Every structure is written in structure tokens, then in C-alpha cells.
Amino acid sequence: MKRIYAIEELCLNCRLCEVYCKTAHSQSKDIIKANKYEDPAPVSRVTVYGDNFLSAALNCRHCDDPRCVKACITGAMTKDKKTGIVYVNEEKCIGCMTCLAVCPYGCIKVGKPAVKCDLCRNEDEPACVKNCPNHALIYTDLGGEDE
Amino acid sequence: MSVNYIPRRFTVIRDKERCINCGCCVRQCSNECHLFADDGKTVISDSNSCVACHRCVDLCPTGALRIEKYVCDYRENANWTPQYQQEICRQAETGGVLLSGMGTPKPYPIYWDKILLNASQVTNPSIDPLREPMEIRTILGRKPEKLTVEKKGKSTVDMPPQVILETPIMFSAMSFGSISLNAQKSLAMAAKELGTLFNVGEGGLHPDLQPFTDRAIVQVASGRFGVHSDYLNNSRFVEIKIGQGAKPGIGGHLPGEKVSVEVSNARMIPEGSDAISPAPHHDIYSIEDLRQLIWAIKQATGNSKPVSVKIAAVHNVAAIVSGCARAGADIVAIDGFRGGTGAAPTRIRDNVGIPIELALASADQRLRDEGIRSRISLVAAGSFRCSADIVKAIALGADACYCASAPLIAMGCHMCQTCNTGKCNWGIATQRPELTKRLNPDIMYKRVVNLITAWNHEIKEIMGGMGINSVDSLRGNRLMLRGIGLSEKELEILGIRHAGE
Chain A
1 MKRIYAIEEL
11 CLNCRLCEVY
21 CKTAHSQSKD
31 IIKANKYEDP
41 APVSRVTVYG
51 DNFLSAALNC
61 RHCDDPRCVK
71 ACITGAMTKD
81 KKTGIVYVNE
91 EKCIGCMTCL
101 AVCPYGCIKV
111 GKPAVKCDLC
121 RNEDEPACVK
131 NCPNHALIYT
141 DLGGEDE
Chain B
148 MSVNYIPRRF
158 TVIRDKERCI
168 NCGCCVRQCS
178 NECHLFADDG
188 KTVISDSNSC
198 VACHRCVDLC
208 PTGALRIEKY
218 VCDYRENANW
228 TPQYQQEICR
238 QAETGGVLLS
248 GMGTPKPYPI
258 YWDKILLNAS
268 QVTNPSIDPL
278 REPMEIRTIL
288 GRKPEKLTVE
298 KKGKSTVDMP
308 PQVILETPIM
318 FSAMSFGSIS
328 LNAQKSLAMA
338 AKELGTLFNV
348 GEGGLHPDLQ
358 PFTDRAIVQV
368 ASGRFGVHSD
378 YLNNSRFVEI
388 KIGQGAKPGI
398 GGHLPGEKVS
408 VEVSNARMIP
418 EGSDAISPAP
428 HHDIYSIEDL
438 RQLIWAIKQA
448 TGNSKPVSVK
458 IAAVHNVAAI
468 VSGCARAGAD
478 IVAIDGFRGG
488 TGAAPTRIRD
498 NVGIPIELAL
508 ASADQRLRDE
518 GIRSRISLVA
528 AGSFRCSADI
538 VKAIALGADA
548 CYCASAPLIA
558 MGCHMCQTCN
568 TGKCNWGIAT
578 QRPELTKRLN
588 PDIMYKRVVN
598 LITAWNHEIK
608 EIMGGMGINS
618 VDSLRGNRLM
628 LRGIGLSEKE
638 LEILGIRHAG
648 E
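Protein chains in written order, with this note's numbering: chain A, 1 to 147; chain B, 148 to 648.
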């Protein structure tokens, strides 16, 4: 499946991916409203770790055999059989944070429903990749196992 | 903190309605103009160190930032302008030579803007470059005096080495050290795709540029950095750098802090040591000495490559070019005083040298008068801002043009003229790893390719309008030029007529 890969040599630590992720997952889809006024405030699914010298954007790896899906007590965490995207069924999620505890990458954030990357599944390309100014995020299918 | 007597240059205007406090500007500004307030959330700006490089403006996702000139009036004085007063204060504080980057910003006449081009009407047809072939391929190198052929039509002339370019535009010398490796790599990749050449400057050849050596011009400058047999042979041609348009008559100084491990390896000097290029080549004190060096380089490269000599445009440029031609140079590059630099003493940059237009016209005329024009190819350098400047230069007699500032602008340069500080926010004129990675060669080379491709199209379009289908027919064709608002003397030196004549 197509996944997002971060190239740390090119990451600027500008964190625009976070801004655009928040916007893409907001109610208004407007960059200023989403980042300034919306309540509840949208949460970025991607997080840049590091400083200006070395940084990389980390988001869900959409594992082939995801532990979060196995661990989910309500069956809210789902791996789409067709696309491979791991996403949260918002109606089923009770915010118990079990997924958060088992994720080996720390890519799920606290929330009800749990907050995680869905690869912008209704769009052609994830918002973070589309808006990365230095092409430090690429969205491609490298095949094989993820881990 | 002492008072420094100099008001700031710019003010950062932050539109609080649009700012989302994402902190992108804080992390991007190497001059530390933006910072988080004590609450750790609100972004504020301190304009004092702003150089107007626009990194924050261009990256701000909501367009909340704007840079404004800081207006602080002085008592009016046409002689003691604010600029001179500020420069005096800066020198009073530091005791040092004023340094600047890029070409001179002074409002000297730009003759390109006072030359108009011709076009065909009625009596001769113009050509549509989209329908008919249009040749802009350029061949550099010494041309034989005459062509002799044997009975079967085979040439019996020993052809000196030639360099074929697919466009009359080459990238001028910028060394690794003055610009980042990523910037050089972008130019190298662009040169390869465009079928033209890039110039590695005097800083040696970085091993990463090895795949592009067939597109590289290597320089032998007064510091002789990184010069060895492989360096000379791993190139398309070799250039002896005598002078640079932005700083004629003086050498270069790359401060030790910019001499990283990589730079020190490429330059073959100790890490952290200042890289000093002396003002003269200490083995060239005459045309005869230059002849010896040209000969030595030709020997070292097995006579397989043309040898170029790059000089700054100074008062006696025509005679100097003639001397270089007679010393055995195959290509002579003339760099006009508006040419760029990574760092030059401000006074030299703003006061020394002459415009490329006049230098080129007088050198071309002198060579023609002496009957040795075909011995060398003339390359013009020193601020070509658009394709029309290039067409005018070719019509004044240039074989090809060196461009550097324009490709740098394509890569993000905003002409903030602080290359010498090594804090280039665009990752061009810096060696700091956190800044150089901002320039992704895979993105930037395409932008440079796009720029030159666009210029190529425009050159063809302009030539077509003149009814010319080959750049060779444009070269030195000064009848295609007319001056506007120029004096008798200027027209005489440029060798063109006034508009309406």
C-alpha cells in the first residue's frame, strides 16, 4: 500500500505538515478558523520530532498487522481491507486509550475518538505530503512489510 | 548593551488576525527575528535583525507576515545621505572594511534598458519559432583562421577543441564554500539537463559532483584551491580566474568558520583555516606569464580542452582581452561590475569596474579590428536579468553569457545582500547544515531548468521576430540594436545607432 515516508535529511522543522493536517481534519477546513477559533480545536495527526538540525515528521505507519486493531476493545479501530488504511470508527470509539498504549510508534493521540492519521483517505494525497515545502514527506508504495 | 547609532532597516508586520502562532517563522529565521513570547505560545517579532530575505513571508501558511522598510527620516541632505551616515557609524563601531554580498545595488546606468531590439516588417519576413527550426546551439572555442578541404571534401584543418552548448546561457562561477553543495548540485543537475555548463568556481570539485564533470567548468584561481591533475581533466573546460566583476583587483577571503570538513577536502586546505585567494596570481605578472599558465594547463589536459580566462571589466578591457587572445586563451569571459559575489568590500563592489555592455562592445570591436575575433569565444557576465539582456549581449558580440544571480533567484534568493554573513535562510550562501538542507536539489534543479527553458523560448521568439533563425546570425549583429537616450559617445562605444536612425 501507499504510505507516507519522512526524509529526515530534507525536513526543515517548519512543522507546516502539522498545520495542514489540523486544517484537513477540522470542521471548517479553513486554515485560520481551524488553527485559531475552532472548538474543540482540531489535533494534528502528524508530529515533527527534533530540532532544526535533525527532525522528522512521524505519523501512523498503517502496519500490515496493526496491534491497535487487535487491541481495540470495541472494534472501532479498523484496517480497511482494500486500501490498507488503519482508521478509527468514530461512532464505536469510547476513548479508552488501549490503542495508544500498544502502538509501538506512539502515533496515536489522546481523544475521543482516538486521534490518528487516516492518510486523508477521502483525498488523493495526504495534506501533509501535499504541503511539505521541501518534499521531505513522500507518499509512495515501496511494497513489502512495513516494519 | 551599547547604542549603535543605526536604526533598523526593516519592520516585520504581523497580522494578528491571520497569525495562528504555528511558530514556523520562529524556526525558519536564522537571524532570530521571530520568537515565542514568555507564554511559550504567542509568536512575536523583533525586527532589529531582519534582512528582508522573505523566508518567513514565503513560508507563513496564512500569509500573516509582511516586511516593510523602516522609515526613520534624517535631516534632509543630498550629500550626507542616511546610507553614508549609517555606514560611517558601522565602521566607527567595528573598525573594519564594510562587506556586502551580491552585485552592486547603486543606480548606475543599465545600458540593456537603453538598447532596443529590431523586428521584421513587410520587407523581410519574421519567423515563427513554433513552426520553423530555430537554432540556439552555441559552440565555444578557438576557430581556425580558414577552412581547407581535400578533394573528397574532408577537412584538412586541425580543429581546436570545441565545446557545444544547447543554449547560449551558462552558469557562472560560484565556489563550494561561497554557496552550499546543494546549490551547486542543483546547478549541475540543471546544466546536465539543459545541455549547458556550470562553473564550480575556485573551491575545488566536491566528490558528489563527479557524475556531472562533463558539464563542469573548473577554475584555476589565485588561491589554487583543489587544483590537481584529476581536477583539471575532470571537466569540460578549464578557466583561469584573473578577476571578478564585483571586486576587480582584489582576491577572496572565505572565513575559517565556513571551511567545514567537506569544504576543506574539496579545497585541499586544513579544516577551519581561512581560505585566502591572493589579489594577483603570483605567477602571472604579464601576458607572457599568462601564456605560460595557459600552456601548462593545455599540457596537463593533453590539449583536449579549451582554456578560458576570466577577467573583470576594467578600463582597458579591450586591450586586456586582446592580450589574453594572443596569450593562447580559447575563451575569454568578461565580468561586468554589476556581477554578483558571495562577499566583497562594499566600496570596491560599488565603485570599481565598468559596465559589461561597454566592455563587451569595445572588446568585440577591438578583436575584430585586429582580425583575431575568431581566435577566441567571448563570454559576457555580470547581471543578466532576462532573456532580452542575453539577446542584446549576443548582438553586441558575446558568444555566450554567464548567469548566476538569476538561477539563484530561481532557487529562492531574495537579494538580501547578506551572503557574507553565512546565515542564508534559503540554504544557498551558507555551510550551516540546518540551513543547507532547506535547498532540495531535486526541487531546485527543476526550477532552474524551467527558468532557462523559458529564456530559451523567449530568445527564439525574439530572434524569430528579427527574421533570424540562428544565434550565429545574431552574434555581433549590432544593426539589430538601437540606443535610446544615449549620448553620441556611448553610442560610439556600443557601436550602435540611435533609435530612429
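Idealized CB from N, CA, C, for every residue including glycine.
Model, not experiment: these values are computed from the prediction.
- Apart from the 5 residues on each side of it in sequence, W259/B sits with its Cβ closer than 6 Å to the Cβ of D536 and K539 in its chain, given in chain order.
- Using beta-carbon distances, Q175/B counts as an interface residue toward chain A, with a partner under 8 Å.
- Of the candidates G483/B, Q446/B and H400/B, H400/B places its Cα closest to the Cα of S424/B.
- Contact with chain B is absent for C21/A, since none of that chain's Cβ atoms lies less than 8 Å from the residue's Cβ.
- The beta carbon of Q175/B sits closer than 7 Å to those of R202, C203, L206 and N572, all from its chain and outside the five residues before and after it, given in chain order.
- For F183/B, the number of other beta carbons within 10 angstroms of its own is below 16, and it is reported as exposed.
- The Cβ of N13/A sits closer than 8 Å to at least one Cβ of chain B.
- Residues of the segment 204-232 of chain B with a Cβ closer than 7 Å to any Cβ of chain A, in chain order: L206, P208 and T209.
- Between K81/A and chain B, the shortest Cβ-Cβ separation is not below 8 Å.
- With fewer than 16 other beta carbons inside 10 angstroms of its own, A466/B counts as exposed.
- By the C-beta density criterion, M306/B is exposed, having fewer than 16 other C-beta atoms within 10 angstroms.
- For M591/B, the enclosing alpha helix (DSSP H) starts and ends at P588 to M613.
- Below the 7 Å Cβ cutoff, chain B contributes L206 as neighbours of P133/A, in chain order.
- Closest option to T251/B, judged by alpha-carbon separation, among C566/B, G486/B and E639/B: G486/B.
- From the beta-carbon of L16/A, the residues of chain B found nearer than 9 Å are C169, C171, L206 and P208.
- Residues of the segment 586-600 of chain B whose Cβ lies closer than 9 Å to any Cβ of chain A, in chain order: L586, N587, D589 and I590.
- For K33/A, the three-state secondary structure derived from DSSP is helix.
- The beta-bridge partner set that DSSP reports for D482/B consists of A459/B and A528/B.
- Contact between the segment 127-142 of chain A and the segment 4-14 of chain A is established, with three or more Cβ pairs separated by less than 8 Å.
- Contact between A57/A and V48/A holds, since their C-beta atoms are separated by about 5 Å, short of 8 Å.
- Remark: C-beta atoms of A363/B and F345/B approach each other more closely than 8 Å.
- The beta carbon of E90/A sits no closer than 8 Å to any beta carbon of chain B.
- When secondary structure is reduced to three states using DSSP, T140/A falls in the strand class.
- Taking C-beta atoms under 8 Å as the contact rule, G500/B and V461/B qualify, at a distance of about 6 Å.
- Secondary structure of V367/B (DSSP, three-state): strand.
- Within the same chain, and ignoring the five residues on either side of N178/B in sequence, the residues whose Cβ sits closer than 7 Å to its Cβ are S196, C197, V198 and K570.
- Look at the segment 21-42 of chain A: the residues with a C-beta under 8 Å from a C-beta of chain B are I31, I32, N35 and K36.
- Annotation note: the segment 511-559 of chain B contains the following uninterrupted alpha helix (DSSP H) runs of length 4 or greater, listed N- to C-terminal: 534-543 and 552-557.
- Here H375/B is exposed: its Cβ has fewer than 16 other Cβ atoms, across all protein chains shown, within 10 Å.
- Annotation: R494/B to A393/B spans about 10 Å, alpha carbon to alpha carbon.
- No residue range can be given for E164/B, since it is assigned to no alpha helix (DSSP H) and is classified by DSSP as neither H nor E.
- The residue from M249/B, N151/B and G559/B with its alpha-carbon nearest to that of S325/B is M249/B.
- Residue state for S302/B is assigned as strand, using DSSP reduced to three classes.
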